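Just below is one structure, and these are the notes that go with it.
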Amino acid sequence: MIDFNFSIPTEIKFGRGTHLETGTLVRGLGRKVLIHYGSDRISKSGLLEQIEGQLKQEGVAFVEWGGVRPNPSVEDARKAAQRCKAEGIDCILAIGGGSVVDSAKAIAMGARFDGDLWSIYCGEKPVPADPLPVGVVLTIPATGSEANGVSVLSNYELGDKAAIASPDSIPKFAVLNPELTLSIPQKETAIAAADIFSHCFERYFDLRRTSRIWDELCEGAMRTVAGITPSLLGDLKNYDLRSELMWSATVAHSNMLGPGGDFACHGLAHVLTVEFGIPHGAALALIMPAWSSYAYPHASKRFDQFAATVWGEADGLAGIEKLTEFLRALGLAASLGEWGVVEFDPEQLADKAFAHGQEYLGGGLMKITRSDAEAIYHKLVKRI
């Protein structure tokens, strides 16, 4: 087992009615909060009005900042950070899913940073050690951003997407009420499930972190997501299944399954989101089988274990096929053509994946070079 540091400082409130504690939780962070959200769905549901009423009762002033797009942009985060400086904002409340939370983390850094926010994401400047504190009311479980320090932003001017990770960006609290997820549509639920599965999958295929307990935690989490999601898609209002998926999302990407992770699939998937507008989880559903079939010869024993413990199959290739079948059963596309991408150049996609000068992606199972990336993108021409 490798050496590691482990800390989950996020206070988590899980269960029915927990969103009614939001005002008190925010009061512990500051006196003037930026309420950050995406669509007007939270207004139509009455959630925004409820939370603002709580803030008024607690004597916390607030400024609204909505309109976060599914893949949050650095352009929007810059504007919001300037608003925070102008208004004297001292904390941020993110109400939404991973895009909103990632954007809130970016704004929290930008409000305490005088340079260009993108310079942090592209690695030119260090991550600020004193961002504004962030709290979360989660409405779309998928990314685990409510309990980790990761933030992913897109730069639409440059056609780029980048991630940072810092323990200082971990939210101070997260309200997880599965009742708030009962209205999530079927397709969005399926995409979220693929994202959750990928976080377990990417950790599992990091062979640098050899450990039986971490293996079994990841295997159990993957079995859970694969086992409950088809049932949930047929019963979207099922509170218990929603609860399982919501907690799986947090567990999968907050180091509860152990440190590290390969994350080559994430690097390859980011390009598909930027280039073709494919949602993150759906892009991962394309990449995971393609990466698996490419990587199998390099680690067949690991794929054999994956097949046996997650899918009950005898060999790794059968396990990869089961993974593919699971993702397709969720209604997720198997090729770029199913997303309406008639023509694409794998070479150009590989260039995009290595736009930041990396020598390789991943490295936990194998080092994906630029030529490897091109070969994996080639697999997206047709069904794996």
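Our numbering puts the first residue of the sequence shown at 31, with every later residue one more than the last.
For every residue, glycine included, the Cβ atom is placed at its ideal position computed from N, Cα and C.
Remember, it's a predicted structure, so these values are computed and weren't measured experimentally.
Delimiting residues of the alpha helix (DSSP H) encompassing residue i
{"i": "Ile-150", "result": "148-151"}
{"i": "Thr-419", "result": "It is not possible to answer for residue 419, since the shown part of the chain is limited to 31 through 414."}
{"i": "Leu-314", "result": "310-325"}
{"i": "Tyr-269", "result": "269-282"}
{"i": "Gly-257", "result": "242-263"}
{"i": "Phe-235", "result": "Premise fails: Phe-235 is in no alpha helix (DSSP H) and is neither H nor E."}
{"i": "Thr-354", "result": "346-359"}
{"i": "Lys-43", "result": "First-last for Lys-43: 41-44, but that is the beta strand (DSSP E), not the alpha helix (DSSP H)."}
{"i": "Leu-266", "result": "That residue, Leu-266, is in no alpha helix (DSSP H); it is neither H nor E in DSSP."}
{"i": "Gln-335", "result": "330-336"}
{"i": "Lys-382", "result": "376-383"}
{"i": "Ala-405", "result": "400-408"}
{"i": "Leu-366", "result": "Counting along the chain, Leu-366 falls outside any alpha helix (DSSP H), and DSSP gives it neither H nor E."}
{"i": "His-296", "result": "294-306"}
Minimum C-alpha distance to residue i - residue among the options
{"i": "Leu-55", "options": "Asp-265, Val-164, Arg-142 and Gly-387", "result": "Val-164"}
{"i": "Asp-375", "options": "Pro-319, Ser-330, Gly-393 and Phe-306", "result": "Phe-306"}
{"i": "Ser-401", "options": "Glu-389, Gly-394, Glu-249 and Leu-275", "result": "Glu-389"}
{"i": "Phe-203", "options": "Lys-397, Asn-101, Thr-280 and Ala-116", "result": "Thr-280"}
{"i": "Ala-224", "options": "Leu-353, Leu-59 and Glu-94", "result": "Leu-353"}
{"i": "Pro-215", "options": "Gly-264, Pro-289, Thr-48 and Asp-160", "result": "Gly-264"}
{"i": "Ile-221", "options": "Ala-141, Phe-293, Ala-134 and Gly-311", "result": "Gly-311"}
{"i": "Pro-309", "options": "Ala-380, Lys-217 and Gly-76", "result": "Lys-217"}
{"i": "Glu-117", "options": "Thr-399, Phe-143, Arg-239 and Leu-64", "result": "Leu-64"}
{"i": "Asp-198", "options": "Lys-62, Ser-181 and Asn-185", "result": "Ser-181"}
{"i": "Val-371", "options": "Val-411, Val-90, Glu-377 and Ile-137", "result": "Val-411"}
{"i": "Lys-74", "options": "Asp-106, Glu-249 and Ser-213", "result": "Ser-213"}
{"i": "Gly-83", "options": "Ala-403, Asn-35 and Gly-53", "result": "Gly-53"}
{"i": "Glu-246", "options": "Phe-336, Gln-87 and Asn-35", "result": "Phe-336"}
{"i": "Lys-43", "options": "Met-276, Phe-293, Ile-406 and Ala-138", "result": "Met-276"}
Enclosing beta strand (DSSP E) for residue i [first to last residue]
{"i": "Ser-181", "result": "180-185"}
{"i": "Leu-64", "result": "62-67"}
{"i": "Asp-190", "result": "190-195"}
{"i": "Thr-415", "result": "With the chain running from 31 to 414 in the structure shown, residue 415 is simply not present."}
{"i": "Val-93", "result": "91-95"}
{"i": "Ala-159", "result": "Segment: none, Ala-159 is in no beta strand (DSSP E) and carries neither H nor E."}
{"i": "Leu-362", "result": "Looking at the DSSP string, Leu-362 is not in any beta strand (DSSP E), and its letter there is neither H nor E."}
{"i": "Ile-204", "result": "Reading off the sequence, residue 204 comes out as Ala, not Ile. Looking at the DSSP string, the run of the beta strand (DSSP E) that includes Ala-204 is 203-206."}
Distance cut-off 7 Å: residue i Cβ against heavy atoms of the ligand SAM
{"i": "Pro-201", "result": "Among the components modelled here there is no ligand, and therefore nothing to report on the ligand SAM."}
Integer-rounded CB distance, given that residue j should sit under 8 Å from residue i
{"i": "Ala-111", "j": "Gly-140", "result": "3 Å"}
{"i": "Ile-125", "j": "Leu-162", "result": "Ile-125 to Leu-162, Cβ: 16 Å. No contact."}
{"i": "Ser-452", "j": "Ile-243", "result": "Nothing in the structure corresponds to residue 452, since the chain is present only between 31 and 414."}
{"i": "Ala-107", "j": "Ile-122", "result": "That pair is no contact at about 11 Å."}
{"i": "His-49", "j": "Leu-77", "result": "7 Å"}
{"i": "Val-90", "j": "Arg-113", "result": "About 17 Å; that fails the 8 Å criterion."}
Sufficient close CB pairs (3 or more, under 8 Å) joining the segment 126-134 to the segment 162-178: yes
The segment 204-214 touching the segment 148-158, judged by at least three CB pairs closer than 8 Å: no
Count the CB pairs spanning the segment 348-360 and the segment 284-292 that are closer than 8 Å, and state whether there are at least three. The segment 348-360 vs the segment 284-292: no contact.
For the segment 267-282 against the segment 322-334, do three or more pairs of beta-carbon atoms, one drawn from each stretch, fall closer than 8 Å, so that the two count as touching? no
Spell out a yes or no on whether the segment 189-197 and the segment 221-232 are touching, meaning 3 or more CB-CB pairs, one atom from each, closer than 8 Å. no
Given 8 Å, three or more beta-carbon pairs between the segment 89-102 and the segment 59-76: yes
Tell me whether the segment 391-405 and the segment 236-251 touch, counting them as touching only if at least three CB pairs, one residue from each stretch, are closer than 8 Å. yes
List, from N- to C-terminal side, the beta strand (DSSP E) runs of 3 residues or more that fit wholly inside the segment 64-143. 91-95 and 121-127
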